[in-house]
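Undergrad: Please see the structure below; I have some questions.
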Amino acid sequence: MPKRILIVEDEPSIREMVAFALRKADMDPVHAADAHAAQMDIADKVPDLILLDWMLPGMSGLEFARRIRKDEMTREVPIIMLTARGEEMDRISGLEAGVDDYVVKPFSSRELVARIRAVLRRTLGADENDQIAIGQLSLDAPAHRVYANGETIPIGPTEYRLLHFFMTHTDRVYSRPQLLDHIWGNSVYVEERTVDVHIRRLRKTLEPFGLSNLVQTVRSAGYRFSAIH
Numbered sequence: 028m029p030k031r032i033l034i035v036e037d038e039p040s041i042r043e044m045v046a047f048a049l050r051k052a053d054m055d056p057v058h059a060a061d062a063h064a065a066q067m068d069i070a071d072k073v074p075d076l077i078l079l080d081w082m083l084p085g086m087s088g089l090e091f092a093r094r095i096r097k098d099e100m101t102r103e104v105p106i107i108m109l110t111a112r113g114e115e116m117d118r119i120s121g122l123e124a125g126v127d128d129y130v131v132k133p134f135s136s137r138e139l140v141a142r143i144r145a146v147l148r149r150t151l152g153a154d155e156n157d158q159i160a161i162g163q164l165s166l167d168a169p170a171h172r173v174y175a176n177g178e179t180i181p182i183g184p185t186e187y188r189l190l191h192f193f194m195t196h197t198d199r200v201y202s203r204p205q206l207l208d209h210i211w212g213n214s215v216y217v218e219e220r221t222v223d224v225h226i227r228r229l230r231k232t233l234e235p236f237g238l239s240n241l242v243q244t245v246r247s248a249g250y251r252f253s254a255i256h
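Sequence positions in the sequence shown follow the working numbering and run 28 to 256.
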C-alpha cells in the first residue's frame, strides 16, 4: 500500500511540486496549508510521514512538531522539516523539537524522495521480536512500547530505536560514528552532532522516571548504556 505523506506547506507551488514528485514515487500525498488544516487531516487518518514547513501562518512548524510529539496518536509519526534555515543551531532546534530529518530549501524532488524513503526505512523497519528488561526499565519490541516499573514511557521514534539498540548492547562504549551507523544506517545526510541531540532527548525522556543516568557519557570515546555507575 502506498505510504501516506502529509505535506504541511503554505506555498501552493511547493505543495504541488512535492505532491507530483511523491505520486511519481508511488506515494500517497495529502495537502495542508497550515497547522490547523494538518491537524484535521491527521484526525481523519494518521499519515505514515509528515513533511513540515518551518515557516507556517498561525503556528510555526517547530511548535507544531512539538505538539505532534506530545500527542499519543502521532508521537511515533516521523517528521521531515522543510526549511530555508540551514544554520546548525536551527537544525538542532528542529531535532530537539522531535524532527527526524530536515531538507533545506531549495531542494530537488529526487533528494526529497530519497530522504523520505531513508526515514521510512529507519522508522518503519521491523524490530526484533523480543522483550528486554534492565532494572526498572523494560522494552516490549513487538508492542513498540517502553515501561518504567510498569508505567508507559512516552518516547519518540528515534529515541525508541536508540534505546532499543542500547538495551540490546549494554555496557559497551559506542562512538558517535558507530551509533550513526547502527541507528541511522549509512546515510550521508545525518551529521554526528545529531547523535548528541538524540542522546539529550533520550535522557530527558527517562529523567522523570529516575533512569536518565543509564545513558552515560564516556569522555573522548562516546556513549554507554549501563546500570553500573
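Each residue gets a CB set at the ideal place from its N, CA and C atoms; glycine is no exception.
1. Per DSSP, what are the beta-bridge partners of residue 165 in this structure?
2. Smallest Cα separation from residue 74: which of 145, 148, 29, 87?
3. Pull the bridge partners of residue 141 from the DSSP assignment, please.
4. I think residue 34 touches residue 46, with their Cβ atoms under 8 angstroms apart; what is that distance to the nearest whole Å?
5. Is residue 200 helix, strand or coil by DSSP?
6. At the level of alpha carbons, what is the spacing between residue 44 and residue 78?
7. Could you compute how far the alpha carbon of residue 189 sits from the alpha carbon of residue 69?
8. Let me know the secondary structure DSSP gives residue 195 once reduced to three states.
9. Quick one: residues in its chain with C-beta nearer than 6 angstroms to the C-beta of residue 177, no 5 flanking neighbours on either side, listed in chain order?
10. Distance check for residue 129 and residue 108, CA to CA, integer angstroms please.
11. Is the segment 202-211 touching the segment 93-102, taking contact as three or more C-beta pairs under 8 angstroms?
12. So what does DSSP say about residue 153, is it helix, strand or coil?
13. Considering only the beta carbon of each residue, do residue 175 and residue 238 sit closer than 8 angstroms?
14. What does DSSP give as the partner residue(s) for residue 263 in the beta ladder?
15. Where do the N-terminal and C-terminal ends of the beta strand (DSSP E) with residue 37 fall, by residue?
16. With respect to the beta strand (DSSP E) encompassing residue 58, which residues constitute its N-terminal and C-terminal limits?
17. Label residue 149 either buried or exposed according to how many other C-beta atoms from any shown protein chain fall within 10 Å of its C-beta, with 16 as the threshold for buried.
18. Do you know whose CA, among 135, 236, 221, 163, lies nearest residue 181's CA?
19. The beta strand (DSSP E) with residue 108 in it runs from where to where?
20. From residue 156 to residue 167, what distance separates their C-alpha atoms?
21. By the three-class DSSP mapping on this structure, what secondary structure does residue 127 have?
TA: With the given structure in hand:
1. 160, 174
2. 29
3. Looking at the DSSP assignment, residue 141 forms no beta bridge with any residue, so it has no partner.
4. 6 angstroms
5. coil
6. 13 angstroms
7. 26 angstroms
8. coil
9. none
10. 4 angstroms
11. no
12. Note that residue 153 scores a pLDDT of 44, beneath 50, so its modelled location is shaky; the value from the coordinates is reported in the next line. Coil.
13. yes
14. For residue 263 there is no data in the structure shown, the boundaries of the chain being 28 and 256.
15. Taken as a continuous stretch (DSSP letters only), residue 37 belongs to no beta strand (DSSP E), as it is neither H nor E.
16. 55-59
17. buried
18. 236
19. 106-110
20. In this predicted model, residue 156 has a pLDDT of only 49, less than 50, meaning its place in the structure is not dependable enough to derive any value.
21. coil
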